[in-house]
Amino acid sequence: MERILLIGSGGREHALAKALVASESCEKLWAAPGNPGIAREAECVTLNISDHVAVEKFCMRHDVTLVVIGPEQPLAEGLADALRAENIDVFGPSKAAAQLETSKGFSKDFMRRHHVPTAPYQRFDAGQYVEARAAVEMHDLPVVIKYDGLAAGKGVVVATERHQAIEAVEMMYKGVFGDDGVVIEGFLKGEEASVFAICDGRDFVVLAPAQDHKRSGDGDTGKNTGGMGAYAPAPIVTHTITETVSEKVIRRVIDGMAAEGMPFVGCLFCGLMIDGEDVNVVEFNVRFGDPETQAVMSVLDADVAALFASAARGSLDVSVIRSTHMGFACNVVLASKGYPDAFEKGLPISGIEAAEGDPYVTVYHAGTRAVDDVLLTSGGRVLGVTALGDTLAQAVARSYAACDKISYDSKYHRTDIAKRAL
Ligand code: AMP
Ligand code: GLY
C-alpha cells in the first residue's frame, strides 16, 4: 500500500489527487500545498517545496512511499533528484531529464540527435543577438521565435510579419525572461493535440490523447493562456497517429534519454502538430498538462497509485490499467474575467454542489481559496468543470450545463470547447 505525497495546487493536481485516492493501492494521500478542492481528497500540508530538506523530512516522518510531482518548477529545481538521493521513490523526472521542457534548445538538439520529427530550427545563445536578428530577417514567414528557458507560457511568438519577428527577438534579448538565448524555428501547420506517456525510464504506456484550447477567446482568438478547456480522447489522434507517436516520438525519447544517462521517469507530455498523417513535435513538457489532465484522468480506469509507483520504481506495471478510454470527458475552465492579464480576486463562489448534482460532473479547483468556509476566487483559472459522457457531445453538454449552475462576479469561460471535434 502506498503512502503518497502529491506536490502542487492546481486543477491538474486536484485531478491527480482524485485518481490517487480512488486507487486500491493508496493508503494515505497528502498534498503540499493543495487547495480547497484537493482538501476533499487529501490531507493538505504546508511545506516549502523549494526547501528540499523540509520535503525529505516530511517524507521520512510520515513513511511516504511515493512522491508525485505535479508542476514543472519543482522538477526544474531538482526536487526529484534530492528525494531520490534519500531513497524516496518519485514519479517525476530528474533536473537533467526535465531539460526537455526547461530548455527549448536542449529539446530541439535532442530531437535532432534522435531523429524525432519536429520543425527545422536554429539555436542562438545569449551572446548571439546579432546572429538571431539576422536569421529572422531572412527566414520564411510565418516564423516561430522561442525563448530558450522557462517563460510561464509567454516565451513563444508566432510571427506572420517581419516586424513582429524582429520585435520578438529584441524583446527576448532584453532579458524579460532571463538570458537563455532563443530558438528560431519553421512554422508547422495543422491541428495541435497532446499525448501523455507514463514512463519508467525504459518503458512507457500512453493515455487517452487530449486537445487543449490555449487562446482566451472563442474561435481561438485572444491571448495565449495556460489552457481554457480540454477534452479526451481527441478523435484527431487516430489509432495510426498514436502508433506513429509511440514509435517515432516516445520510444526515441525514452531510448535517447536513457542512452544519454538521464532516464525519463514520469509523465512525458508530447505537444504535437498533426497535419493529415504527418506528426511533428511542437514541444515536450515533463509533467501532466493542465487542464488536459482533468479530462485524461476522467477516462482512465486504473489503479493510478500502483501505476505511478511502478513507473517510479523502474518496473512499469500496465496490468493495473483496466481502460484508458472509458467514454469521453470534457473540461471547461471557469476563469476570472481579464485572465491572462489582470483580474480581480477574492470573489465568493457559489453553485459547485448544484453543478456536482449531476453524477457525471466533477468540479476541479484551480484557483480557489477558502476563508471561514466561504470559497473565494484566487487565480486566473478558478475551476475546471469536467463531465463524462458516452459520446463527446454528451460530455460537452453536461459540462456546459454544470457551468451554468456556478456563479461568481468575474466568471468567464469559452463557449466552444470541443466544438471543432463535434
Ligand atoms: P510551445 O510553448 O513550444 O508549445 O509553443 C506555444 C504555442 O505556440 C504552441 O502551442 C503552438 O500553438 C505555437 N507553436 C509553437 N511552435 C510552433 C511551430 N513550429 N509552428 C506553429 N506553431 C507553433
Ligand atoms: N495546457 C498546457 C500545459 O499544461 O502546458
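Residue numbers (our numbering): 2 to 423.
For every residue, glycine included, the Cβ atom is placed at its ideal position computed from N, Cα and C.
These figures come from a predicted structure and were not determined experimentally.
In the DSSP assignment, residue 289 falls outside any beta strand (DSSP E), carrying neither H nor E. Residue 274 carries a strand assignment under DSSP once its states are collapsed to helix, strand and coil.
Note that the C-beta distance between residue 79 and residue 58 is not below 9 angstroms.
Residue 9 sits close to residue 32, with the two beta carbons spaced by under 9 angstroms. For residue 283, the Cβ falls inside the 8 angstroms cut-off from some heavy atom of ligand 1. When C-beta atoms of the segment 344 to 356 are compared with those of the segment 405 to 415, three or more pairs fall below 8 angstroms, so the two segments count as touching. Distance from the Cα of residue 175 is smallest, within the candidate group 306, 100, 213 and 131, for 131. With contacts defined as CB atoms closer than 9 angstroms, residue 128 and residue 181 fail to qualify as a contacting pair. For secondary structure counted as the beta strand (DSSP E) over 3 or more consecutive residues, the segment 295 to 338 holds these complete runs in sequence order: 322 to 324 and 329 to 337. For residue 193, the CB falls within less than 8 angstroms of some heavy atom of ligand 1.
In this structure, the CA atom of residue 20 is about 45 angstroms from the CA atom of residue 162.
The secondary-structure analysis by DSSP pairs residue 201 across a beta bridge with 266. In the three-state reduction of the DSSP assignment, residue 415 falls in the coil class.
DSSP, reduced to helix, strand and coil, places residue 195 within a strand of the structure shown. With a cutoff of 9 angstroms on beta-carbon distance, residue 275 and residue 380 are scored as not near each other. Straight through space, the alpha carbons of residue 46 and residue 335 are spaced by roughly 26 angstroms. Residue state for residue 420 is assigned as helix, using DSSP reduced to three classes. In this structure, DSSP gives residue 237 a state outside helix and strand, which the three-state scheme calls coil. With a threshold of 8 angstroms, the Cβ atom of residue 188 counts as near ligand 1, since some heavy atom of the ligand is closer than that.
Only exposed fits residue 52, as fewer than 16 other CB atoms lie within 10 angstroms of its CB. Taking the Cα positions, residue 88 is about 30 angstroms away from residue 323. Looking at 372, 329 and 421, the one whose alpha-carbon comes closest to that of residue 399 is 329. In this structure residue 90 is buried. Its beta-carbon is surrounded by 16 or more other beta-carbon atoms within 10 angstroms. With a cutoff of 8 angstroms, residue 290 counts as near ligand 2, since its C-beta is closer than that to a heavy atom of the ligand. In this structure, the alpha-carbon of residue 7 lies about 21 angstroms from that of residue 300. Secondary structure note for residue 146: its beta strand (DSSP E) is the uninterrupted segment 144 to 148.
Residue environment analysis places residue 382 among the buried positions, since at least 16 neighbouring C-beta atoms fall within 10 angstroms of its C-beta. Taking 9 angstroms as the cut-off, the beta carbon of residue 255 is found closer than this to the beta carbon of residue 205. Shortest gap from the CB of residue 421 to any heavy atom of ligand 2: 8 angstroms or more. At a cut-off of 8 angstroms, the beta-carbon of residue 147 counts as near ligand 1: some heavy atom of the ligand is closer than that.
Cβ contact annotation for residue 170 (same chain, cutoff 7 angstroms, sequence separation greater than five): 133, 134, 137, 146 and 183, in chain order. When the beta-carbon positions are compared, residue 102 and residue 77 come within less than 9 angstroms of each other. The three-state reading of DSSP puts residue 245 in helix, counting H, G and I together.
Rounded to the nearest angstrom, the gap between the Cα atoms of residue 56 and residue 30 is 15 angstroms.
Contact between residue 292 and residue 213 is confirmed by a C-beta separation of about 7 angstroms, below the 8 angstroms threshold. Using a cutoff of 8 angstroms, the CB of residue 382 does not count as near ligand 2, since none of the ligand's heavy atoms is closer than that.
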